[in-house]
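Notes to accompany the following structure.
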Amino acid sequence: MPKFLKPLILLITTMAIAGGAFGVSKAEARSSSVCSKALIHDWYVDGRVDKTYPVHCYREALKEIPEDQLIYGTLRDDLNRALQATIRKHNGNVGPNTPVPPLGGGGGPFPPGGGGGGKGGGFFHWLADKLGPSTADTIPIPLLVLGGLALMLMLAAAVSFFARRVQARRAATDPPPPGPTF
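For what it's worth, our numbering labels the leading residue of the sequence shown as 1, then goes sequentially.
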């Protein structure tokens, strides 16, 4: 097997694995419902749910909570609290389409009234709003930049590798320089 084929196979395998990882995330995104995504996004905006959603959206959203929120956040607690308040209000007689009104305050990272997600906040808050992801399931721009930089570095390494091989072949096929004449 030619030596240049091994790095090429490694590069193709790496690209296939990366493509498969992105394909899985798209398939997972399609499996979730629109209202549960909207509910989670509504909470991510300011740490509280501001709109009325049916019970089935809350139950689906509880199944789709991202792992970082399960560990560090209060999303699960806030959704359970709103769902339990509605069940208590209706004496346990709730169906999948029973509306769940928003609770007064959220247990999220910002105080009610928008202490962190509102307007203002200075230049850095404005910059973070412009550069940051707009929803909870988008890929952050800095991650895309780092991924592009990594691909460019891999491409530069491949070009350097093949350039050295071409130089080595040219040096091997060129005749030796003529010796001194007497």
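Just so it is clear, CB atoms sit at the ideal spot from N, CA and C, and this is done for glycine as well. This structure is a prediction, so every number in the text was calculated from the model and none was measured.
Check: residue i C-beta below 7 Å from any heavy atom of the ligand SAM
i      : result
Leu-62 : The ligand SAM is not part of this structure, which contains no ligands at all.
Beta-carbon proximity of residue i to residue j, cut-off 8 Å
i       : j       : result
Arg-76  : Leu-62  : yes
Tyr-183 : Val-100 : Since the first residue shown for the chain is 1 and the last is 182, residue 183 is missing from the structure and cannot be characterised.
Ile-139 : Leu-131 : no
Three-state secondary structure (DSSP) of residue i
i       : result
Val-100 : strand
Val-94  : coil
Asp-78  : helix
Asp-129 : helix
Ile-139 : coil
Thr-13  : helix
Thr-173 : helix
Phe-182 : coil
Lys-3   : coil
Gly-73  : coil
Gly-122 : coil
Whole-Å CB distance - residue i paired with residue j, under 8 Å assumed
i      : j      : result
Glu-60 : Ser-33 : 5 Å
Cβ shell of residue i (< 7 Å), same chain only, five flanking positions each side left out
i       : result
Leu-79  : Tyr-58, Ala-61 and Leu-62
Ile-87  : Val-94
Ala-85  : Leu-103
Phe-123 : none
Leu-151 : none
Arg-164 : none
6 Å CB neighbourhood of residue i in its chain, flanking five on each side removed
i      : result
His-56 : Pro-96
Leu-70 : none
Trp-43 : Val-49 and Leu-75
Spatial neighbours of residue i in its chain, beta-carbon cut-off 8 Å, leaving aside the 5 residues before and after
i      : result
Thr-52 : Pro-99, Val-100, Pro-101 and Pro-102
Pro-7  : Ala-158 and Phe-161
Pro-54 : Cys-35, Pro-96, Asn-97, Thr-98, Pro-99 and Val-100
Minimum Cβ-Cβ distance from residue i to chain B less than 8 Å
i      : result
Ile-12 : No chain B is present in this structure, which holds just one protein chain.
Within the region 33-71, note down every full alpha helix (DSSP H) run reaching 4 residues or more, in order along the chain.
Qualifying alpha helix (DSSP H) stretches, in chain order: 34-46 and 55-63.
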